[in-house]
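Student: Can you keep this structure in mind? I'll have questions shortly.
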Ligand SMILES: *Cc1c(COP(=O)(O)O)cnc(C)c1O
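Residue numbers (the working numbering): 15 to 680.
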């Protein structure tokens, strides 16, 4: 196991952080551990901290990544040199430094909220990287306030605090002994964190200078802390993971997996940026955006903050007879984004339920219009719409395993999968079967339901926008409602905000889910035009649906924050860049005799094999050998990463897929 890294952070500037870092480095080196230090940003004329490390521990690996001359906070010092700190680059450089050495101590600058740019603080950088933290506290009056606020900020940001180190940077004043003893006790008690060291004042090291014996004394004081840091990760995380996976194996169901003799699952401890981090510190690049959801990556502070604030105000209230601002603000934001004409919003719990609601809307619409015999749906083969009974009935009958539930599922009418690939000349014959089915069955059909442009879980198939235009015409001509299931394709995934936008269409009903909350909470929505809403309301009809957690304020609030993140980001450029990388990176796979086809659209890249993949073996290879998280199924190896993955990260994903194909792991 790799030893990994710790942040060494202070509750403020001038708390003795550099001395602690230097002392830990010396202690670790003395104990034979391979250790190094990274100073992320140094301000002031000299490499002040790096010089301290060198004095304490000559010859140890130490590097300063950014250096600005002006002795001020990083954002100001950078500005004085007409520079702006690039958070993403700095994070990458830190990761590179950590990968290149044993246990790495990463020293911050100032306190947690020390600004790196006009927008971001040091804490934001830490959140991106997700390494555990050692908090250095100056033991004097005011320490309790600063320490509790810092620990709360760290915990709220999802960072693990490994322990506390108390320092004394000046001789104790009269009566200060009592305060200092109480500080340690109170802070340890209130935070529940362990005290790794309680350092005395060491006058011989004032100003970061001192003789070798003085540094040795500091290292002695920190020996126990160093030992704990170098040991605890391995032991604690291994034991913890074993317990987690053991219970899971015995008692927890996983999606589409046997509950008796289940296949391997990997415990995940936290998410940071584009990575899922395992308890042993391994970082897996999330090539699935956790099933289409985490479009902004993991652990976004904006989303966590929205959740926290809403949780403190109103986590839930029934929606029967009540309303609230999060539901309204989210609705306003959605109506600005969705195709024009969609006007009424029904919030529900999951994509499957959004589909159930859509089907019920369509059924009740025709009842309202006095045509109660219109009860079936037309759907293309190869579709996927969820796992509840109604949704399942319109899924691909083979992929959705209709045989298992034959006597429970409503019988629907299926037409061939849209045989008009995206990006090729449109074949008008591809809609003939649909036209025929509509003409024959419209008297007993309420509508046509499909996933526009990309059929997702049913086969990752991408088809021509003209198919949708033809489908819209056919629906109009035959009195069928057009239902778009955009649970997977919504919010930019295909390169347009909604897949419907490729055809410039507004469906009668549209389902949203998955990325709606940016991967934070389960929330979905079914939107309808005014015509549909008024049709089903005729004669006083109401939609017969009302989930307990309808419009849950927490979910609505975080969805709003996610939409704001999306709108405020260059998502369209990012998705275009990703499309380019996926195309380039996967093109080579097409040459393999084992591959049936390669398809890319927006931030979706697919390699279809000729034979079903060996999921267990392949996934193990991708995790253990490539450090990426992908979830191949059936004959498909595919990726739909967060929009925030960088070009090199996209290349890691396509590289892993290419290796899997070339080396025969699939
Ligand atoms: C995932 C998905 C669903 C079901 O959503 P859940 O939240 O899993 O119930 C429905 N339709 C499409 C197109 C999907 O991709």
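Beta carbons: idealized from backbone N, C-alpha and C, even for Gly. Computed from a predicted model, the values in this text were never measured in an experiment.
1) Near residue 453, what residues of its chain come up, given a Cβ to Cβ distance below 8 Å and the 5 sequence neighbours on each side ignored?
2) If you pair each beta-carbon of the region 225 to 244 with each one of the region 128 to 143, do three or more pairs fall below 8 Å?
3) How is the beta strand (DSSP E) around residue 121 delimited, first residue to last?
4) Cβ of residue 652 within 8 Å of any heavy atom in ligand 1?
5) Please tell me whether residue 22 and residue 101 are closer than 9 Å, where the distance is taken between their beta carbons.
6) Closest to residue 346 by C-alpha separation, out of 570, 455 and 75, would be which residue?
7) Quick check on this structure: which residue in 238, 551 and 385 has the alpha carbon closest to the alpha carbon of residue 41?
8) Rounding to the nearest angstrom, what Cα-Cα distance links residue 631 and residue 404 in this structure?
9) In whole angstroms, what is the alpha-carbon distance linking residue 297 and residue 376?
10) Which class does residue 95 belong to by DSSP, given the choice of helix, strand or coil?
11) Can residue 528 be considered in contact with ligand 1, in the sense that its beta carbon sits closer than 8 Å to one or more heavy atoms?
12) Quick one: what does DSSP say residue 616 is sitting in, helix, strand or coil?
13) Can residue 28 be considered in contact with ligand 1, in the sense that its beta carbon sits closer than 8 Å to one or more heavy atoms?
14) When you compare only the Cα positions, how much space is there between residue 227 and residue 151?
15) Could you please give the first and the last residue of the uninterrupted alpha helix (DSSP H) stretch that includes residue 25?
16) Can you tell me which of the three DSSP states residue 643 falls into?
17) Please find out if some non-hydrogen atom of ligand 1 comes closer than 8 Å to the beta-carbon of residue 3.
18) Helix, strand or coil for residue 284? Go by DSSP, reduced to three states.
19) Which residues in the same chain as residue 397 place their Cβ atom closer than 7 Å to its Cβ, once the five residues preceding and following it in sequence are excluded?
20) Report the residue from 509, 401 and 430 whose alpha carbon sits nearest the alpha carbon of residue 418.
21) Using 8 Å as the cut-off, classify the Cβ of residue 559 as near or not near the heavy atoms of ligand 1, replying yes or no.
22) Quick check on residue 679: does DSSP put it in helix, strand or coil?
23) Spell out the partners DSSP gives residue 20 in its beta bridges.
24) For residue 459, which residues in the same chain have their Cβ closer than 7 Å to its Cβ, ignoring the five residues on either side in sequence?
25) Where residue 36 and residue 72 are concerned, what is the direct C-alpha to C-alpha distance, given to the nearest angstrom?
26) Could you give the residue range of the alpha helix (DSSP H) that holds residue 138?
Tutor: In brief:
1) Numbered from 1 along the chain shown, position 439 holds the residue referred to as residue 453. Excluding residues within five positions, the ones whose Cβ falls inside 8 Å are 492.
2) No: the two stretches stay apart, fewer than three of their Cβ pairs being nearer than 8 Å.
3) Taking the first residue of the chain shown as position 1, residue 121 is located at position 107. First-last of the beta strand (DSSP E) with residue 121: 117 to 121.
4) In the chain shown, counting from the first residue as 1, residue 652 sits at position 638. Checking every heavy atom of ligand 1 against the Cβ of residue 652, none is found closer than 8 Å.
5) Along the chain shown, one-based indexing puts residue 22 at 8. Along the chain shown, one-based indexing puts residue 101 at 87. No; because the gap between Cβ atoms is not below 9 Å, this pair is not in contact.
6) For the purposes of this step, residue 346 is identified with residue 332 of the chain shown, where counting begins at 1. Of the candidates 570, 455 and 75, the one whose C-alpha sits nearest the C-alpha of residue 346 is 570.
7) By 1-based counting over the chain shown, the position of residue 41 is 27. It is 238.
8) Numbered from its first residue, the chain shown carries residue 631 at position 617. Numbered from its first residue, the chain shown carries residue 404 at position 390. Approximately 34 Å between the Cα atoms of the pair.
9) The count along the chain shown starts at 1 and reaches residue 297 at position 283. The count along the chain shown starts at 1 and reaches residue 376 at position 362. Cα to Cα, the separation comes out at about 45 Å.
10) Here residue 95 corresponds to residue number 81 of the chain shown, with the count starting at 1. Here residue 95 sits in coil by DSSP.
11) Taking the first residue of the chain shown as position 1, residue 528 is located at position 514. Yes, Cβ of residue 528 sits closer than 8 Å to a heavy atom of ligand 1.
12) Taking the chain shown and counting its residues from 1, the one referred to as residue 616 is at position 602. Note: residue 616 maps to coil in three-state DSSP.
13) Against the chain shown, residue 28 aligns to sequence position 14. Not so, every heavy atom of ligand 1 lies at least 8 Å from the Cβ.
14) For the purposes of this step, residue 227 is taken as residue 213 along the chain shown, with counting starting at 1. For the purposes of this step, residue 151 is taken as residue 137 along the chain shown, with counting starting at 1. Spanning the two alpha carbons is a distance of roughly 24 Å.
15) Counted from its first residue, the chain shown places residue 25 at position 11. Note, residue 25: premise wrong, no alpha helix (DSSP H); not H, not E.
16) Position 629 of the chain shown, counted from the first residue, corresponds to residue 643. Strand.
17) The requested residue 3 is not part of the displayed model; the chain covers only 15 to 680.
18) As a position in the chain shown, residue 284 is number 270, starting the count at 1. Strand.
19) As a working mapping, residue 397 is identified with position 383 in the chain shown. Excluding residues within five positions, the ones whose Cβ falls inside 7 Å are 408, 409, 410, 464, 465, 469 and 472.
20) Stepping through the chain shown from its first residue, residue 418 is reached at position 404. The candidate whose alpha carbon is nearest that of residue 418 is 401.
21) By one-based count along the chain shown, residue 559 stands at place 545. Checking the Cβ of residue 559 against ligand 1 gives no.
22) By 1-based counting over the chain shown, the position of residue 679 is 665. In the displayed model, residue 679 falls within coil according to three-state DSSP, outside both helix and strand.
23) Locating residue 20 in the chain shown gives position 6, where the first residue counts as 1. DSSP, once it has assigned bridges, lists 119 as partnering residue 20.
24) Indexing the chain shown from 1 puts residue 459 at position 445. So the list reads 388, 390, 391, 392, 427 and 494, once near-sequence residues are dropped.
25) Counted from its first residue, the chain shown places residue 36 at position 22. Counted from its first residue, the chain shown places residue 72 at position 58. Using only the alpha carbons, I get a separation of about 10 Å.
26) Walking along the chain shown from the start, residue 138 turns up at place 124. Element bounds for residue 138: 136 to 143.
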